[in-house]
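Visitor: For the protein sequence lines, the chains are L and A, in the order given. Mapped onto the working numbering, the consecutive letters of the first sequence carry residue numbers 1 to 371. Mapped onto the working numbering, the consecutive letters of the second sequence carry residue numbers 372 to 755.
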Amino acid sequence: MIYLDNAATTRMYEGAVDVYKKYACQSFYNMSAGYNKAIEVAKDIDEIRKLILKKLGGKGDIIFTSGATESNNLAIYGNKRNGKWEYVFSEGEHPSVYNIAKDLQNQGFIVHFIRLREDGQIDYEQLQNVVNERTRIISVMHVSNETGAINDLKKINLIRQKFCPKALFHVDGVQAFCKLDYKIEDYNIDLYTISSHKFHGPKGVGALYVKNLNSLKNIIFGGGQEKGYRSGTENTSGIMAMGYAISHFNTKDNYDYVEKLKSVIKKELSVDEKIKIFDVGSPYILSVTFSGVNGETLMRALQDYDILVGNGSACSTKKAGNRVLESIGFNLDEIKSHIRISFSEELTLKEVEYAGKKMVEVYNNILEKVK
Amino acid sequence: MKVLLLRFGELYLKGHNRYVFENMLINNIKNMLAGEEFKLSKTFGRYVITDYKEERESEIIEKLARVFGLYSLSPADEVDADVKTIENYVSKINCDGESFKVFVKRADKSFPISSMDFAKKLGEIVLNSNKNSYVDLYSPEHEIYVDIRINKKAYIFDNIIKCHGGLPLGSSGKGLLLLSGGIDSPVAGFLMARRGMSFEALHFHSYPYTSELAKEKVITLARYLSKYIGKIKLHIVSFTKVQEEIHKRCKSEYMITIMRRIMMRVANRLCEKYNLGAIITGESLGQVASQTMQSMTVTGSVVDEIPIFRPCIAMDKEEIIQVSKSINTYDTSILPYEDCCTVFLPKNPVIKPTIKQAMHEESFINVDALVNECVDGEEILEIE
Numbered sequence: 001m002i003y004l005d006n007a008a009t010t011r012m013y014e015g016a017v018d019v020y021k022k023y024a025c026q027s028f029y030n031m032s033a034g035y036n037k038a039i040e041v042a043k044d045i046d047e048i049r050k051l052i053l054k055k056l057g058g059k060g061d062i063i064f065t066s067g068a069t070e071s072n073n074l075a076i077y078g079n080k081r082n083g084k085w086e087y088v089f090s091e092g093e094h095p096s097v098y099n100i101a102k103d104l105q106n107q108g109f110i111v112h113f114i115r116l117r118e119d120g121q122i123d124y125e126q127l128q129n130v131v132n133e134r135t136r137i138i139s140v141m142h143v144s145n146e147t148g149a150i151n152d153l154k155k156i157n158l159i160r161q162k163f164c165p166k167a168l169f170h171v172d173g174v175q176a177f178c179k180l181d182y183k184i185e186d187y188n189i190d191l192y193t194i195s196s197h198k199f200h201g202p203k204g205v206g207a208l209y210v211k212n213l214n215s216l217k218n219i220i221f222g223g224g225q226e227k228g229y230r231s232g233t234e235n236t237s238g239i240m241a242m243g244y245a246i247s248h249f250n251t252k253d254n255y256d257y258v259e260k261l262k263s264v265i266k267k268e269l270s271v272d273e274k275i276k277i278f279d280v281g282s283p284y285i286l287s288v289t290f291s292g293v294n295g296e297t298l299m300r301a302l303q304d305y306d307i308l309v310g311n312g313s314a315c316s317t318k319k320a321g322n323r324v325l326e327s328i329g330f331n332l333d334e335i336k337s338h339i340r341i342s343f344s345e346e347l348t349l350k351e352v353e354y355a356g357k358k359m360v361e362v363y364n365n366i367l368e369k370v371k
Numbered sequence: 372m373k374v375l376l377l378r379f380g381e382l383y384l385k386g387h388n389r390y391v392f393e394n395m396l397i398n399n400i401k402n403m404l405a406g407e408e409f410k411l412s413k414t415f416g417r418y419v420i421t422d423y424k425e426e427r428e429s430e431i432i433e434k435l436a437r438v439f440g441l442y443s444l445s446p447a448d449e450v451d452a453d454v455k456t457i458e459n460y461v462s463k464i465n466c467d468g469e470s471f472k473v474f475v476k477r478a479d480k481s482f483p484i485s486s487m488d489f490a491k492k493l494g495e496i497v498l499n500s501n502k503n504s505y506v507d508l509y510s511p512e513h514e515i516y517v518d519i520r521i522n523k524k525a526y527i528f529d530n531i532i533k534c535h536g537g538l539p540l541g542s543s544g545k546g547l548l549l550l551s552g553g554i555d556s557p558v559a560g561f562l563m564a565r566r567g568m569s570f571e572a573l574h575f576h577s578y579p580y581t582s583e584l585a586k587e588k589v590i591t592l593a594r595y596l597s598k599y600i601g602k603i604k605l606h607i608v609s610f611t612k613v614q615e616e617i618h619k620r621c622k623s624e625y626m627i628t629i630m631r632r633i634m635m636r637v638a639n640r641l642c643e644k645y646n647l648g649a650i651i652t653g654e655s656l657g658q659v660a661s662q663t664m665q666s667m668t669v670t671g672s673v674v675d676e677i678p679i680f681r682p683c684i685a686m687d688k689e690e691i692i693q694v695s696k697s698i699n700t701y702d703t704s705i706l707p708y709e710d711c712c713t714v715f716l717p718k719n720p721v722i723k724p725t726i727k728q729a730m731h732e733e734s735f736i737n738v739d740a741l742v743n744e745c746v747d748g749e750e751i752l753e754i755e
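1) A490 (chain A) to L641 (chain A), Cα distance in whole Å?
2) Measure from the alpha carbon of R117 (chain L) to the alpha carbon of each residue in L:F109, L:N311, L:G356, L:Q126, then state which is nearest.
3) If you measure between the beta carbons of V637 (chain A) and C466 (chain A), is that distance less than 8 Å?
4) Are the beta-carbon atoms belonging to L298 (chain L) and F290 (chain L) less than 8 Å from one another?
5) Based on the DSSP output, what are the partners of P446 (chain A) in its beta bridges?
6) Under the DSSP definition of a beta bridge, which residues are partnered with M141 (chain L)?
7) What would DSSP say about L596 (chain A), mapped onto helix, strand or coil?
8) Does the Cβ of Y87 (chain L) have 16 or more other Cβ atoms within 10 Å, making it buried, or fewer, making it exposed?
9) For E676 (chain A), which of A:P511, A:L647, A:G553 has the nearest alpha-carbon?
10) Would you please state the rounded distance, in angstroms, between the beta carbons of I432 (chain A) and L444 (chain A)? I believe it to be under 8 Å.
11) For a minimum of 3 consecutive residues, which ranges assigned as the beta strand (DSSP E) are wholly contained in the region 582–639 of chain A?
12) Compare the Cα-Cα distances from N6 (chain L) to each of L:Q105, L:S139, L:S195, L:I159 and report the closest residue.
13) By the DSSP assignment, the alpha helix (DSSP H) with A806 (chain A) in it spans what residues?
14) Expressed to the nearest angstrom, what Euclidean distance is found between the alpha-carbon atoms of P678 (chain A) and M568 (chain A)?
15) When the cut-off is 8 Å and only beta carbons count, does R323 (chain L) lie next to chain A?
16) Any idea what DSSP makes of E753 (chain A), helix, strand or coil?
17) For E234 (chain L) and T703 (chain A), I'd like the C-alpha separation in whole angstroms.
18) Hey, V473 (chain A) and I515 (chain A): beta-carbon distance below 8 Å or not?
19) Looking at chain L, which residues of the region 611–643 of chain A have a Cβ within less than 8 Å of any of its Cβ atoms?
20) Restricting to runs no shorter than 3 residues, where is the beta strand (DSSP E) found entirely within the region 277–358 of chain L?
21) Please identify the residue among L:I48, L:K154, L:S342 whose C-alpha is closest to the C-alpha of H248 (chain L).
22) What are the boundary residues of the alpha helix (DSSP H) that S247 (chain L) is part of?
23) State buried or exposed for M634 (chain A), treating a residue as buried only when at least 16 other CB atoms are found within 10 Å of its CB.
24) Could you please give the first and the last residue of the uninterrupted alpha helix (DSSP H) stretch that includes G15 (chain L)?
25) I want to see whether chain L comes within less than 8 Å of S582 (chain A), judged by CB atoms only; does it?
26) Taking the C-alpha atoms as reference points, what is the distance between A320 (chain L) and R681 (chain A)?
27) Does the structure place the region 138–151 of chain L close enough to the region 273–284 of chain L that three or more beta carbon pairs sit under 8 Å?
28) In angstroms, rounded to a whole number, what distance separates the CA positions of K357 (chain L) and N331 (chain L)?
29) Using DSSP's beta-bridge definition, name the partner residues of I571 (chain A).
30) Is the separation between the beta-carbon of F163 (chain L) and that of Q121 (chain L) shorter than 8 Å?
31) Should the region 243–262 of chain L be called in touch with the region 31–38 of chain L, which here means at least 3 C-beta pairs below 8 Å?
32) What residue range does the alpha helix (DSSP H) around R389 (chain A) cover?
33) Using a beta-carbon distance below 8 Å, is A355 (chain L) in contact with chain A?
34) Considering only the alpha carbon of each residue, which of L:M242, L:N188, L:Q26 lies closest to E14 (chain L)?
35) Alpha carbon to alpha carbon, what distance is there between I62 (chain L) and L51 (chain L)?
36) Within its chain, find whatever has a CB closer than 7 Å to the CB of S313 (chain L); leave out the 5 residues flanking it on each side and keep chain order.
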């Protein structure tokens, strides 16, 4: 199986599974319990907090959650305030942020959506124009899950500092954490979302980085775990396994390697000029359109050759559209014929080369039948 | 004694072959309640279910409401049909504070008091025991029915649950339902089943143009229908090659016309093969280009020995949606997976095709070979 959908999820590191098992079967204690065995687990979990803070390059707190969707909800609803506050989101956000924005809008809040430029990044000029002293939260993703575009967080922070210094800056870093080298302190980020299964950790666990806990309110009520910000017994085995994945993910080497993978597949795809490659940022994600063929059809045809690619967000002929690609300016044919290729360290150059060749071949076979 | 009183509708209209229908209905009731503990007996004009587990009552009612041929049912108390016993029972009814009305029906004319007089008398008894109640003959909050049957039993109840009516399943033969995955076709199946027609189902899929999920969706729809008609045989036929061939060789505006003619031929062949007596489709007049009068003339013309039933033909979409919601298929039907009809969709499908032109277009492809391939390659699933 040649798995080219690593932006959807990744295979767990075997070592992470071992750690998971250790904390599920041996050190399985509820870390809120008072006996020494439980206290040891709590200490181990705190080590993972430190590890994440170090990897992020931030000096705040880590709240463990069930994953990115919950982290995003906590970041935004946990900082939502009533009154004349305004909220700013990009049009490229993942549904777990975008639908919060829609909900705030339905609740009657003023919500601004920032357009995407042709290169997939947000329109910084528009951002500068909409923010003001009433802006409560600016929420922009770090790396686009659809296109791989990397938003310039430094620029956004400068705009924030100049025009709305009181606004909180939330970044959905799901496709960036571990994969890119950065320090969130350089961007003065207040809230940062990560998800374990995107970097070979288990599903169902993630975290929210919070620079200053004072403004955050809990959105889940219960036993008061995670300093009261996220009640519910901690997913200790998930958190420990995530920690394993973080410490074994070699950011620099992997980056260089997937750069190579990407260039190999680009070379294979570029032999056919009908295929358009949208390569704008993170080497982990490549967006490609196969003119004249439905991306979903191509995805299904490729799986018969044991090649799995992503179809971004599913779009049928009836519900034409992909919000993100539309915002960038893709036309209907481009949106329909779009697939997403996303890499991981576990792919070989040979596999990727073969997959690229097969894509061209299968694409042309279908095109022959449907044109 | 707690009982369930079942009433049947149209069977009254049947003449000397009525017993055939009644036997079917009884069989269908028994099949529907398979696994439940109960006894079924007949009194003139009613069936009575007794000796069932009271904690299973709501499930049993739910199942019975899906038996076609039943008009309505009531959970009731059975008492001996004598004046004292009935009066004694009614005196214990608690509907204090509510307006009420007593309905008395006397199938047993030897019962000593007339229906009207007895209703009045019982009303008085209810009033005596419910000081804050009053009689409302027009829109009572609480209804009390006393049904006196010739088996010298009276049935007392306060609720009439409507069933689907229609004819016992199987009494109208067995057809083949073209099941696409949309809203209309499951409704068509349900409507025919209500008229006593059982069916198998046929689905065309076009992998890789359509998703495996589209097939799963049809399986789910069939499962909902099986709640009414029992185990369903689902024939799944790959249509990919047919569509590719038509797309390549025929005029694009005739794509859907030819496609549907071939679907009809495949359906026809499967009917022959499995001894099914009719083709059932969810077509509704004028809904889309392929459902105009002319289109149906052209697609129907390839089937000449069995009828094509289109029970949704004169229904508005809203009405179809209503039925689809009532049989729980709506939420599945609107899942956004493409079915084979939306693949290769031409921009301007012909609205008034002709048989002559369709035959001309078909001369560019090998219809017989394609139909054979479809029929030979079918996959059969048993859904329940």
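For each residue, glycine too, the CB sits at the ideal point set by N, CA and C. As the structure is a computational prediction, the values presented were derived from the model and not from experiment.
Guide: Let me lay it out:
1) 58 Å
2) L:Q126
3) no
4) yes
5) A:L375
6) L:D172
7) helix
8) buried
9) A:L647
10) 7 Å
11) 603–609
12) L:S195
13) Residue 806 (chain A) lies beyond the stretch modelled for chain A, which goes from 372 to 755, so this question has no answer here.
14) 13 Å
15) no
16) strand
17) 36 Å
18) yes
19) E615, H618, K619
20) 285–290, 307–309, 338–342
21) L:I48
22) 236–248
23) buried
24) 14–21
25) yes
26) Low per-residue confidence applies at A320 (chain L): pLDDT is 48, beneath 50, and the placement is therefore not dependable, though the value from the model is reported in the following sentence. For A320 (chain L) and R681 (chain A), the distance between alpha carbons rounds to 31 Å.
27) yes
28) 26 Å
29) Reading off the sequence, residue 571 (chain A) comes out as Glu, not Ile. Note: E571 (chain A) sits in a beta bridge opposite A:L547.
30) no
31) no
32) 389–403
33) no
34) L:M242
35) 10 Å
36) Note that S313 (chain L) has pLDDT 48, beneath the 50 cutoff, so the model's placement of it is unreliable and the number below is only indicative. Within the same chain, S313 (chain L) has close Cβ partners N322.
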